[in-house]
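A quick write-up on the structure given underneath.
Protein chains in written order, with the working numbering: chain A, 1 to 407; chain B, 408 to 493.
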């Protein structure tokens with residue numbers, strides 16, 4: 001079995017447009033959540049959202065390359081380019097090795113709406129334009145980036161609801177561990193536009209604490225009333241240790257565990273047993289016990305039921321070990337399809353920077369979160385191994401364990 | 408609109424969408440230049456060219472129309488005639 005390491009990372013989110021800017025936001029506890037009046041005009045119950053700027057890619061990519069890219073592809077290109085650059089991977093590596101790409105993405109709503117709107121307006125499919133089909137598919141990120149970067153390895157998109165990005169890392173990890181791939185770019189991408197989130201808002205899943213946007217996302221706090229949607233993209237270069245050593249690449253951290261499970265129950269309710277099974281599977285794969293984990297980046301989205309069950313699951317597995325726990329969704333909102341990847345990037349930044357980002361707005365615990373060691377404010381802290389949880393609709397659960405690379 | 412004025416308008420609008428949307432160098436868009444060679448479009452680009460022509464002139468060009476068009480001057484002429492017929 002190959003050891004699997006991270007040799008590059010990239011990020012484009014409401015916390016910043018590169019690793020340094022995002023690390024600073026995490027370290028200082030800066031929220032990226034705002035009130036978007038457009039959503040209110042559209043009929044949203046909650047107009048809160050993460051604020052993510054669109055990258056201007058005209059200088060880097062030609063028209064033909066850009067025309068098939070949906071909004072989330074723009075974010076993903078920016079994150080992927082950063083990750084490859086940090087890993088020292090470029091044309092030569094793409095030619096010498098079949099580099100793969102696995103992205104978590106589970107919608108491309110704006111592109112679908114735009115294409116259908118064009119058809120309704122023009123009543124002629126040949127006047128929709130060539131980009132619509134390539135923008136509209138869930139695999140829009142992987143199909144575009146594989147083409148742009150000239151990737152010749154594994155190439156597909158993981159659609160696993162809000163665990164998509166985490167499962168993408170897990171899949172890449174398994175492929176490299178088994179020796180089937182040498183390098184896989186793993187990531188997650190999430191569109192942030194209103195139409196992408198209108199139906200999610202429609203099931204009253206979002207916080208309505210609109211008067212105070214940065215205090216709306218409050219995972220594990222007794223007063224939480226829902227999540228705040230957000231997005232962007234995160235990318236990680238996963239590589240076999242032997243490949244990284246051969247290339248002389250920097251090793252940022254090591255991936256050592258991936259646990260997964262399905263609840264097989266309700267379509268939107270979480271399940272304690274399903275989450276516990278994913279957590280234990282990841283620990284077993286990593287050969288670790290509860291006391292080996294120095295930080296848990298929780299999935300906790302700030303919904304009443306979701307955070308309650310996750311707190312119970314963490315307590316059931318970690319009990320007296322009580323590792324520090326925070327949900328960076330308190331800063332970012334819920335980055336949905338991207339979250340599983342971005343939260344690993346955030347956590348590795350904490351590990352490398354020797355600090356823990358706070359679980360903002362954790363003011364009063366409930367009966368489950370009072371049993372956790374929730375990080376209330378930024379703190380200097382050395383972490384040697386961390387765990388990242390991601391759960392999604394349909395009862396899909398994913399847990400990733402990363403440890404400090406020590407040779 | 409007189410014929411001369413309309414031809415000028417067609418040329419001006421064509422330049423705008425070719426430069427802005429297709430990123431063609433403006434100084435290459437000359438009446439006697441070969442349109443296909445200058446634009447160097449693939450089959451997907453032609454789909455978008457049809458869309459932008461329709462948006463700008465209300466005229467939908469077919470593959471057969473493009474085969475008959477050599478230079479930019481031919482294109483302007485073709486559009487002018489189609490507008491006149493419509």
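All C-beta atoms in this analysis are idealised placements derived from N, C-alpha and C, irrespective of residue type, glycine included.
Checklist entry - Hey, does residue 425 of chain B have any beta-carbon neighbour from chain A nearer than 8 Å? => result no
Next on the checklist: Considering only the alpha carbon of each residue, which of A:251, A:118, A:79 lies closest to residue 190 of chain A?
Outcome noted: A:79
Item to check | alpha helix (DSSP H) segment containing residue 82 of chain A, residue limits | outcome: 71 to 87
Checklist entry - Quick one: what's got a C-beta closer than 6 Å to residue 306 of chain A's C-beta in the same chain, skipping five residues either side? => result 270
Checklist entry - For the candidate residues A:403, A:351, A:280, whose alpha-carbon lies nearest to that of residue 316 of chain A? => result A:280
Item to check | Chain-ordered residues of the segment 461 to 475 of chain B with a beta carbon less than 8 Å from chain A | outcome: 461, 467
Checklist entry - Name the chain A residues whose beta carbon is nearer than 7 Å to that of residue 451 of chain B? => result 130
Checklist entry - List, in order along the chain, the chain A residues whose C-beta lies closer than 8 Å to that of residue 430 of chain B? => result 62, 63
Checklist entry - When burial is assigned at 16 or more other CB atoms within 10 Å of the CB, is residue 212 of chain A buried or exposed? => result exposed
Checklist entry - Considering only C-alpha positions, which residue in the set A:26, A:130, A:16, A:90 is nearest to residue 448 of chain B? => result A:130
Checklist entry - Excluding five sequence neighbours on each side, which residues of the same chain lie with their C-beta closer than 7 Å to the C-beta of residue 115 of chain A? => result 128, 132, 136
Next on the checklist: Below 8 Å, how does it come out for the segment 143 to 157 of chain A and the segment 212 to 228 of chain A: are there three or more Cβ pairs, yes or no?
Outcome noted: no
Checklist entry - Taking Cβ positions only, does residue 126 of chain A come closer than 8 Å to chain B? => result yes
Checklist entry - Which word fits residue 323 of chain A, buried or exposed, when buried means at least 16 other C-beta atoms lie within 10 angstroms of its C-beta? => result buried
Next on the checklist: Please identify the residue among B:480, B:452, B:478, B:485 whose C-alpha is closest to the C-alpha of residue 465 of chain B.
Outcome noted: B:485
Checklist entry - On the three-state DSSP scale, how would you describe residue 453 of chain B? => result helix
Item to check | Whole-angstrom C-beta distance between residue 101 of chain A and residue 184 of chain A, which should lie under 8 Å | outcome: 7 Å
Next on the checklist: In the DSSP output, which residue or residues are listed as bridge partners for residue 334 of chain A?
Outcome noted: A:229
Checklist entry - At which residue ranges does the segment 146 to 184 of chain A contain complete beta strand (DSSP E) runs of 3 or more residues, listed in the order of the chain? => result 155 to 158
Next on the checklist: Counting only Cβ pairs nearer than 8 Å, list the residues of chain B close to residue 67 of chain A.
Outcome noted: 451, 455
Next on the checklist: I need the DSSP call for residue 487 of chain B, collapsed to helix, strand or coil.
Outcome noted: helix
Checklist entry - What residues are listed by DSSP as bridge partners for residue 190 of chain A? => result A:232
Next on the checklist: Within the continuous alpha helix (DSSP H) that includes residue 9 of chain A, where are the two ends?
Outcome noted: Here residue 9 of chain A belongs to no alpha helix (DSSP H); instead the beta strand (DSSP E) covers 4 to 13.
Checklist entry - Going along the chain, which unbroken runs of the beta strand (DSSP E) with 3 or more residues stay wholly within the segment 234 to 322 of chain A? => result 253 to 262, 295 to 297
Item to check | Buried versus exposed call for residue 58 of chain A [16 or more other C-beta atoms within 10 Å across all chains shown] | outcome: exposed
Checklist entry - Taking buried to mean at least 16 other C-beta atoms within 10 Å of its own C-beta, is residue 438 of chain B buried or exposed? => result exposed
Item to check | CA nearest to the CA of residue 41 of chain A, picked from A:235, A:372, A:195, A:138 | outcome: A:195
Checklist entry - Where do the ends of the beta strand (DSSP E) carrying residue 50 of chain A lie? => result 48 to 50
Checklist entry - Based on Cα-Cα distance, which residue from A:55, A:327, A:251 lies nearest to residue 228 of chain A? => result A:327
Next on the checklist: If contacts are defined as beta-carbon pairs under 8 Å, then residue 188 of chain A and residue 234 of chain A qualify, I think. What distance do you get, rounded to the angstrom?
Outcome noted: 6 Å
Item to check | Sufficient close CB pairs (3 or more, under 8 Å) joining the segment 379 to 391 of chain A to the segment 288 to 304 of chain A | outcome: yes
Next on the checklist: Within 8 Å, do at least three Cβ pairs link the segment 21 to 35 of chain A to the segment 349 to 363 of chain A?
Outcome noted: yes
Item to check | Same chain only: Cβ atoms within 6 Å of residue 375 of chain A, ignoring 5 sequence neighbours per side | outcome: 324, 326, 356, 358, 359
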